[in-house]
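In the working numbering, the protein residues as written are 149 to 663. Right, one structure below, let's go through it.
Written as structure tokens, this is what we have:
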């Protein structure tokens, strides 16, 4: 374990005090009755692997209990299939082709950066940001001045809180680039400067390399890629400690907790590391996608098993957190929003996320929202998108919704059901953010259909290729209706191309001038 600082000690004592008060309330000093808004985001949590949504393995017992007193969205989609575009779509309420944060570590268009919950909620709310993932941390650095408490990425981990970007105030984004690209790259681990990168790593060796082993984690402790080791138990204790501290604010608060698990590497704790083994579960085999090299079916089964175990561990820690929040009456005046940034895949020769695969496991994500004091469950079966979260948050807070936002207030929380509204998810990782979208994989949901378009990938034989699925009758996406040249396909393709043309129109001049 890491040593407790004085601040950590005070947080711990606040938790103990909160426990001593249960079941009485943690006394709030808020000046009005405006609700708190708490987002708990599990990175890479696929709705398809959650028993809450019908998965055969009992992976989410506690989330299912939480759902009994929540509004549950069954067809909720991310705006992207990896973290940067998925998170940016959620925070801006816009599709990718508008906010343009679709490259790894990319940012929202500067003129649209003011469209985010931290800025729009304003000083009426105390605003906290914590992400274990660098990309959301970097995104929110665009509006650093509108965050009252910005926790270091290394909080509650084995890594010391000594990152460059946490020391520079308004220059946090620039420092993030310097840290991530120069001293200690987040994913590759290969610094631009061999000398400075080596020295930086040596000074932080204890937190980066040590604690790989832990008695409670037989396969080693979870880690953020090449970055910091952590225990899920400590992360959730940290979320509780921060929430108890927020409860002492004199005004309502908005908190965004972006938690890394169940993102790979999948390293569940001892109580979960043999769960589901030899249960006979065999998902239907599917053809290998032309854009991937191809993992074997058995290899994918093994990886899926580890992922499901990790999901079950996350679910258990979430259950403990909710019990403590309820025992201290935090739930009486708080909206709890549970979601993810994207999903995870173990099929078609592929595992993980990103790439050209826009299938349901990769982009269908959980969304559960519990209103203050809610005691009954409400299921929403119409398709929704994570771009709908920002306008819903603003509606809850009784704030104006900017016209630039593409999303709508969620049904069940004041919005209307609209089954004909087209919803888009996209991976444009290879496309310049300054040019029209010509190299991307894009899905369009319009019930009951889902269209997938591949633009600009001749190397995979996919340039201008389409797939169309009837999700109501073919939820596993096995029958590509484009093979039958149906009238439905022609109409849906035409509508998709109209939306794409509208999105590309402002960038046509750039393409003609080379940017």
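Beta carbons are placed, not taken as given, at the ideal position from N, Cα and C, and that holds for glycine. Keep in mind the model is a prediction, meaning the values are calculated, not measured.
Three-state secondary structure (DSSP) at residue 436? In the chain shown, counting from the first residue as 1, residue 436 sits at position 288. DSSP places residue 436 in coil when its eight states are reduced to three.
Is residue 185 close to chain B, meaning its C-beta is less than 8 angstroms from at least one C-beta of that chain? In the displayed structure, chain B is absent; only one protein chain is listed.
By the 10 Å Cβ neighbour count, where 16 or more other Cβ atoms means buried, how is residue 653 classified, buried or exposed? As a first step, residue 653 is located in the chain shown; it is residue number 505 there, counting from the start. Counting Cβ neighbours within 10 Å, residue 653 comes out exposed, since fewer than 16 surround it.
Would you mind working out which of 647, 214, 198 sits nearest residue 207, comparing C-alpha positions? Within the chain shown, residue 207 is the residue found at index 59, counting from 1. Considering only alpha carbons, the answer is 198.
Within the same chain, show all residues whose beta-carbon is closer than 6 angstroms to that of residue 466, passing over the 5 residues directly before and after it, in chain order. Start at 1 with the first residue of the chain shown, and residue 466 comes out as number 318. Excluding positions up to five away in sequence, the list reads 210.
Hey, residue 219 and residue 561: beta-carbon distance below 8 angstroms or not? Here residue 219 corresponds to residue number 71 of the chain shown, with the count starting at 1. Here residue 561 corresponds to residue number 413 of the chain shown, with the count starting at 1. Going by C-beta atoms, residue 219 is nearer than 8 angstroms to residue 561.
For residue 289, does the three-state DSSP call read helix, strand or coil? Here residue 289 is taken as the residue at index 141 of the chain shown, counted from 1. DSSP places residue 289 in helix when its eight states are reduced to three.
For a quick check, are the C-beta atoms of residue 489 and residue 191 less than 8 angstroms apart? Counted from its first residue, the chain shown places residue 489 at position 341. Counted from its first residue, the chain shown places residue 191 at position 43. Their beta carbons are under 8 angstroms apart, which means residue 489 touches residue 191 by this criterion.
When DSSP labels each residue in this structure, what does residue 169 get in the three-state scheme? Numbered from its first residue, the chain shown carries residue 169 at position 21. Any reading at residue 169 needs caution, since the residue's pLDDT is 37, under 50, leaving its predicted position unreliable; the model's value is listed next. Helix.
Which ranges would you report for the beta strand (DSSP E) in the stretch 398-484 if only whole runs of at least 3 residues count? 401-407
When DSSP labels each residue in this structure, what does residue 356 get in the three-state scheme? Position 208 of the chain shown, counted from the start, is the residue given in the question as residue 356. Confidence is the limiting factor: at residue 356 the pLDDT is only 49, short of 50, which leaves the residue's position unreliable, though a coordinate-based value still follows. Reduced to three states, the DSSP call for residue 356 is helix.
Using CA coordinates, which residue listed in 451, 395, 529 is at the minimum distance from residue 495? Counted from its first residue, the chain shown places residue 495 at position 347. For the residues 451, 395, 529, the minimum Cα distance to residue 495 belongs to 451.
Output the boundary residues of the alpha helix (DSSP H) element that contains residue 384. As a position in the chain shown, residue 384 is number 236, starting the count at 1. First-last of the alpha helix (DSSP H) with residue 384: 380-394.
Less than 8 angstroms separating the beta-carbons of residue 364 and residue 418? The count along the chain shown starts at 1 and reaches residue 364 at position 216. The count along the chain shown starts at 1 and reaches residue 418 at position 270. For residue 364 and residue 418, yes; Cβs fall inside 8 angstroms.
By Cβ distance, which residues of its chain are closer than 7 angstroms to residue 499, with the 5 residues on each side in sequence left out? For the purposes of this step, residue 499 is identified with residue 351 of the chain shown, where counting begins at 1. Cβ neighbours of residue 499 beyond the five flanking positions: 443, 448, 451, 493.
Leaving out the 5 sequence neighbours to the left and right, which residues in its chain are closer than 6 angstroms to residue 420 when beta-carbon positions are compared? On the chain shown, residue 420 is found 272 positions in, with the first residue counted as 1. Once the five neighbours on either side are set aside, the close Cβ partners of residue 420 are 457, 460, 461.
Can you look up residue 577 in the DSSP assignment and give me helix, strand or coil? As a position in the chain shown, residue 577 is number 429, starting the count at 1. It is coil, neither helix nor strand.
Compute the distance between the beta-carbons of residue 532 and residue 223, then report whether it is under 8 angstroms. Sequence index remark: in the chain shown, residue 532 carries index 384 (1-based). Sequence index remark: in the chain shown, residue 223 carries index 75 (1-based). Yes, these two residues count as a Cβ contact at 8 angstroms.
How is residue 635 classed by DSSP in three states: helix, strand or coil? Counted from its first residue, the chain shown places residue 635 at position 487. DSSP places residue 635 in helix when its eight states are reduced to three.
Count the other CB atoms, across all protein chains shown, that sit within 10 Å of the CB of residue 266; report buried if there are 16 or more and exposed otherwise. Stepping through the chain shown from its first residue, residue 266 is reached at position 118. That one is buried.
For residue 347, count neighbouring C-beta atoms within 10 Å of its own C-beta (all shown protein chains included) and say buried if the count is 16 or more, exposed if not. In the chain shown, the residue the question calls residue 347 occupies position 199. Residue placement at residue 347 is poorly supported in this model, since its pLDDT is 49, which falls under 50; the coordinates are not used for a value here.
Nearest CA to the CA of residue 504: which residue from 362, 543, 471, 574? Looking up residue 504 in the chain shown gives position 356. Closest option to residue 504, Cα to Cα, is 574.
How long is the line joining the alpha carbons of residue 405 and residue 631, rounded to whole angstroms? Along the chain shown, read from residue 1 onward, the residue named residue 405 stands at position 257. Along the chain shown, read from residue 1 onward, the residue named residue 631 stands at position 483. So the two alpha carbons sit approximately 44 angstroms from each other.
Do residue 544 and residue 183 have their C-beta atoms closer together than 8 angstroms? For the purposes of this step, residue 544 is taken as residue 396 along the chain shown, with counting starting at 1. For the purposes of this step, residue 183 is taken as residue 35 along the chain shown, with counting starting at 1. Their beta carbons are under 8 angstroms apart, which means residue 544 touches residue 183 by this criterion.
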